[in-house]
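Chains as they are written, first to last, in full-length UniProt numbering: chain Y, 1 to 292; chain Z, 1 to 205.
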């Protein structure tokens, strides 16, 4: 058996394998999935010399610990946390050599939600529809990490990282999400649309990879009845019957029957992935971007 | 036809009926195949088609709404046959809704030709249309926590087959052993939007 593998010592609350996901299959009911904080995943890959599409680990709040069977280079980014190798503190946000058999411990997030762990060579679990991402909505891809699981690693490329350290955005103290209204803002009263873009919301503890749930003013509908199922995009702000907006993240369902009041700019979604429960949220209305 | 902008790079095209949505979907696929439409995802649904990953949604919106939706082209596609045992626990309820004896449900269902209008809910779960409107049925008042894989079920105007065990509120009329979704298979989904389907009775109903 190959010695290029990671043994999972502490899986943490929820650690999954993620890459850039499997877009292009929404018409079959397959969510896009992929790292919620894409820029953080791309950065840690770059720090260890991996191509941007290499699969990394995405932790949730409590980190994880793994033991590589061969000497590897790792980088931890995304949510800041304490990182140790055999108990000795090492750098976060920079390439770190982990000798074969040593214990890499990625600590609990000090701020933010999700840390990303890239390992030189990438994690090479069997891809499903071209992606190694765990999809928590439909169950595609590898299951979330469990203690004692073993993850195969690819061969490192000959590329060397061109950066040693790189700035990363701090997790948001206040989450400002730019939105364009529609397609179903007409399903809500004018007062509800105004409340949505002017009142304060908070990130709910019920948030997950499927959606960022919020607490705040319930949005009243202008019309009753059901909307026929329609296609959903990443960043869609769906309003279920309780009136609290839900921002669709990577594992969102491909179709849905609750009206979408607005869509969040893609560039603002990585910050949404790092907003801890209780973080204030503001939805700020912007004009639709014109093609360049 | 209305084309609603969705975010910065998607368009939700809304039409009057499921048939129009299927026709529009077929036309958009044709354009993508011939290279005149560049788009990341084309997602048909009940009365809409979502186009995601467009460079210039406003321009496409103007173009689509200026044109007529063409009629559905004659399909050369083969029919997928799904052998079914009509042994579902809701068969009697469905028969009562339809006002027919229970054994008639299988007869009516197997004498209709279905088309996959769209997929959703789970990978490979198709919403099939084809039953006359008088056979629409409501969802169950209380959803089941686990519907087995292969369950053939009805809700509203649709027939669906559960690709894997999951919670569900549809009326179960039968079971198929055919594998609807296998990610190791190419294609993974047996049923995709536009696929024609016929249910074939197995054994006694």
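All residues carry an ideal CB built from backbone N, CA and C; glycine is no exception. Just so you know, these numbers come straight off a predicted model, no measurement behind them.
Express the C-alpha separation of residue j and residue i in angstroms, rounding to a whole number.
i: residue 24 of chain Z; j: residue 42 of chain Z; result: 11 Å
i: residue 10 of chain Z; j: residue 17 of chain Y; result: 28 Å
i: residue 60 of chain Z; j: residue 187 of chain Z; result: 30 Å
i: residue 171 of chain Y; j: residue 247 of chain Y; result: 18 Å
i: residue 56 of chain Y; j: residue 163 of chain Z; result: 29 Å
i: residue 220 of chain Y; j: residue 156 of chain Z; result: 27 Å
i: residue 82 of chain Z; j: residue 39 of chain Y; result: 45 Å
i: residue 203 of chain Y; j: residue 234 of chain Y; result: 18 Å
i: residue 34 of chain Y; j: residue 135 of chain Y; result: 8 Å
i: residue 97 of chain Z; j: residue 138 of chain Z; result: 9 Å
i: residue 143 of chain Z; j: residue 84 of chain Y; result: 48 Å
i: residue 123 of chain Z; j: residue 161 of chain Z; result: 11 Å
i: residue 84 of chain Z; j: residue 184 of chain Z; result: 24 Å
i: residue 7 of chain Y; j: residue 66 of chain Y; result: 6 Å
i: residue 178 of chain Y; j: residue 180 of chain Z; result: 40 Å
i: residue 23 of chain Y; j: residue 257 of chain Y; result: 21 Å
i: residue 56 of chain Z; j: residue 21 of chain Z; result: 21 Å
i: residue 200 of chain Z; j: residue 152 of chain Z; result: 12 Å
i: residue 175 of chain Y; j: residue 143 of chain Y; result: 30 Å
i: residue 88 of chain Z; j: residue 150 of chain Y; result: 42 Å
i: residue 123 of chain Y; j: residue 19 of chain Y; result: 9 Å
So if DSSP puts residue i in a beta bridge, which residue, or which two residues, is it bridged to?
i: residue 151 of chain Z; result: Z/175
i: residue 162 of chain Z; result: DSSP, once it has assigned bridges, lists no residue as partnering residue 162 of chain Z.
i: residue 125 of chain Z; result: Answer is none; residue 125 of chain Z lacks a bridge partner.
i: residue 194 of chain Z; result: Residue 194 of chain Z is not bridged to any residue.
i: residue 33 of chain Z; result: Partner(s): none; residue 33 of chain Z has no beta bridge.
i: residue 108 of chain Z; result: Paired residue(s): none; residue 108 of chain Z is not in a bridge.
i: residue 87 of chain Z; result: In DSSP, residue 87 of chain Z forms no bridge with anything.
i: residue 75 of chain Y; result: Y/118
Use the C-beta contact count for residue i: other C-beta atoms within 10 angstroms, 16 or more gives buried, fewer gives exposed.
i: residue 380 of chain Y; result: One cannot answer for residue 380 of chain Y here, as it falls past the ends of chain Y, which runs 1 to 292.
i: residue 165 of chain Z; result: exposed
i: residue 73 of chain Y; result: buried
i: residue 225 of chain Z; result: The requested residue 225 of chain Z is not part of the displayed model; chain Z covers only 1 to 205.
i: residue 254 of chain Y; result: buried
i: residue 232 of chain Y; result: buried
i: residue 8 of chain Z; result: buried
i: residue 47 of chain Z; result: buried
i: residue 58 of chain Y; result: buried
i: residue 27 of chain Z; result: buried
i: residue 71 of chain Y; result: exposed
i: residue 107 of chain Z; result: exposed
i: residue 206 of chain Z; result: The requested residue 206 of chain Z does not occur in the structure, where chain Z is confined to residues 1 to 205.
i: residue 138 of chain Y; result: buried
i: residue 111 of chain Z; result: exposed
i: residue 66 of chain Z; result: exposed
i: residue 94 of chain Z; result: buried
i: residue 230 of chain Y; result: buried
i: residue 105 of chain Z; result: buried
i: residue 115 of chain Z; result: buried
i: residue 290 of chain Y; result: exposed
i: residue 60 of chain Y; result: buried
So with CB distances below 8 Å, who are the chain Y contacts of residue i?
i: residue 5 of chain Z; result: 180, 182, 183, 288
i: residue 12 of chain Z; result: 183, 230, 231
i: residue 177 of chain Z; result: Going along chain Y, no residue has its Cβ under 8 Å from residue 177 of chain Z, so there is no contact; the nearest lies around 21 Å.
Cβ closer than 7 Å: which chain Y residues qualify as neighbours of residue i?
i: residue 124 of chain Z; result: 28, 29
i: residue 183 of chain Z; result: 128, 129, 140
i: residue 193 of chain Z; result: 27
i: residue 42 of chain Z; result: 27
i: residue 62 of chain Z; result: Near residue 62 of chain Z there are no residues of chain Y at all, since even the closest Cβ is about 13 Å away, more than 7 Å.
i: residue 149 of chain Z; result: Under the 7 Å cutoff, chain Y gives no residues; its nearest Cβ is about 12 Å from residue 149 of chain Z.
i: residue 128 of chain Z; result: Near residue 128 of chain Z there are no residues of chain Y at all, since even the closest Cβ is about 13 Å away, more than 7 Å.
i: residue 189 of chain Z; result: 28
Under 7 Å Cβ-Cβ, which residues of chain Z neighbour residue i?
i: residue 229 of chain Y; result: 45, 46, 120
i: residue 291 of chain Y; result: 55, 56
Residues of chain Z with CB closer than 8 Å to the CB of residue i, please, in chain order.
i: residue 265 of chain Y; result: 7, 8
i: residue 134 of chain Y; result: Correct list: empty, because the minimum Cβ distance to chain Z is about 13 Å.
i: residue 235 of chain Y; result: 7
i: residue 24 of chain Y; result: 40, 41
i: residue 253 of chain Y; result: 120, 121
For a contact defined as C-beta to C-beta under 9 Å, what are the partners of residue i on chain Y?
i: residue 91 of chain Z; result: Chain Y residues near residue 91 of chain Z: none, gap ~26 Å exceeds 9 Å.
Going along chain Z in order, which residues have a C-beta closer than 9 Å to the C-beta of residue i?
i: residue 16 of chain Y; result: Here the premise fails: no neighbours, minimum Cβ distance about 17 Å.
Unbroken stretches of the alpha helix (DSSP H), 4 residues or longer, contained in the segment 172–260 of chain Y: Entirely contained in the segment 172–260 of chain Y, the alpha helix (DSSP H) runs reaching 4 residues are, in chain order, 190–196.
Complete runs of the alpha helix (DSSP H) confined to the segment 15–57 of chain Y [at least 4 residues]: 38–47
Completely contained beta strand (DSSP E) runs for the segment 102–174 of chain Y, where each covers 3 or more residues: 104–109, 115–119, 150–152
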